[in-house]
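Q: At position 34 of the sequence shown (counting the first as 1) the number is 72 in the numbering used here, and the numbers step up by one without a gap.
The C-beta atom is built at its ideal place from N, Cα and C for all residues, glycine as well.
Quick caveat, the model's predicted, so the values are computed rather than measured.
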Amino acid sequence: MKKAICKAILRMAGWRLGPTSGVELPKCVICVAPHTSNWDFIIGKLFYTSIGCDASFLIKKEWFFFPFNLLFNWLGGVPIDRGKQTSVTDQMAERFRASERFQLAITPEGTRKRAEEWKKGFYYIALKANVPILVACIDYGKKEAGIKTVFHPTGDAEREIRAIREMYRGATACHPENFAQV
Numbered sequence: 039m040k041k042a043i044c045k046a047i048l049r050m051a052g053w054r055l056g057p058t059s060g061v062e063l064p065k066c067v068i069c070v071a072p073h074t075s076n077w078d079f080i081i082g083k084l085f086y087t088s089i090g091c092d093a094s095f096l097i098k099k100e101w102f103f104f105p106f107n108l109l110f111n112w113l114g115g116v117p118i119d120r121g122k123q124t125s126v127t128d129q130m131a132e133r134f135r136a137s138e139r140f141q142l143a144i145t146p147e148g149t150r151k152r153a154e155e156w157k158k159g160f161y162y163i164a165l166k167a168n169v170p171i172l173v174a175c176i177d178y179g180k181k182e183a184g185i186k187t188v189f190h191p192t193g194d195a196e197r198e199i200r201a202i203r204e205m206y207r208g209a210t211a212c213h214p215e216n217f218a219q220v
């Protein structure tokens, strides 16, 4: 039912589903770009739910207070404690190890503003957890959300992040002026 409702909402808004190869993976980091608007979260969540999947996302633990904690838990929020001695990468790698199924969506730009450089956390979480990266795109020009490919990190971060960024060439962000193409 939830799947059908999300698919109908996307269709009514003029969006279509792009490729979905890789979503069956039990564990993965989902690299979602471009990210220039709060609408990206809504479109991404509707897309992923409409194909029968459920992805988690990172959020500051400070947002997990009543009643917002109920909403964020329901949506798949994972509270991050930046005051912990362990890094976010280590916290998420442990979460992957402890979970039978865990898909974590991360926007590598780290902001809705223009980001010339991407944050590398999505890559290092996948590498440390030994899980693949799903390269997901929300393209406002085509009004299409989908998965571009499954990427297996090897440890050559600079080269591989550049290759992943290249996969977004030609994608149109909600606010194109805020999306720094390669």
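Hey, could you find the ends of the beta strand (DSSP E) A153 is sitting in?
A: Careful: A153 lies outside any beta strand (DSSP E) and carries neither H nor E.
Q: In terms of DSSP beta bridges, what is P146 paired with?
A: Paired residues: none, contrary to the question.
Q: Going by C-alpha distance, which of V188, E182 and Y162 is nearest V173?
A: V188
Q: Quick check: is any heavy atom of the ligand PLP less than 6 Å from the C-beta of L84?
A: In terms of ligand content, the structure shown is empty, and the ligand PLP therefore cannot be addressed.
Q: Quick one: which unbroken alpha helix (DSSP H) runs of 4-plus residues sit fully inside the region 63–133? Chain order, please.
A: 77–88 and 106–113
Q: Of the residues H73, K41, P64 and I199, which one's Cα is nearest the Cα of I176?
A: For I176, the closest of H73, K41, P64 and I199 by C-alpha to C-alpha distance is H73.
Q: Alpha carbon to alpha carbon, what distance is there between R49 and R120?
A: 38 Å
Q: If contact is defined by three or more beta carbon pairs under 8 Å, each pair taking one atom from either stretch, is the region 150–164 in contact with the region 124–142?
A: yes
Q: So, I171 versus C69, is the Cβ gap smaller than 7 Å?
A: yes
Q: Tell me the DSSP secondary structure of F160 in three-state form.
A: The DSSP-derived three-state label of F160 is helix.
Q: Hey, out of E154, A51, G90 and N111, whose CA is closest to W77's CA?
A: A51
Q: Between I185 and chain D, is any beta-carbon pair separated by less than 7 Å?
A: In the structure shown, chain D cannot be found, because there is only a single protein chain.
Q: Using the three-state DSSP reduction, which class does K180 fall into: helix, strand or coil?
A: coil
Q: Taking only the alpha-carbon atoms, compute the straight-line gap between P57 and A93 and give it to the nearest angstrom.
A: 17 Å
Q: Express the C-alpha separation of M205 and G148 in angstroms, rounding to a whole number.
A: 18 Å
Q: Out of K40, F134, I81 and G114, which has the shortest C-alpha to C-alpha gap to V169?
A: With respect to the C-alpha of V169, the residue from K40, F134, I81 and G114 having the closest C-alpha is F134.
Q: How many Å lie between L55 and R207 at the Cα?
A: 19 Å
Q: Which residues mark the beginning and the end of the alpha helix (DSSP H) in which M279 is found?
A: Look at the range of the chain in this structure, 39 to 220, and you will see that residue 279 is not part of it.
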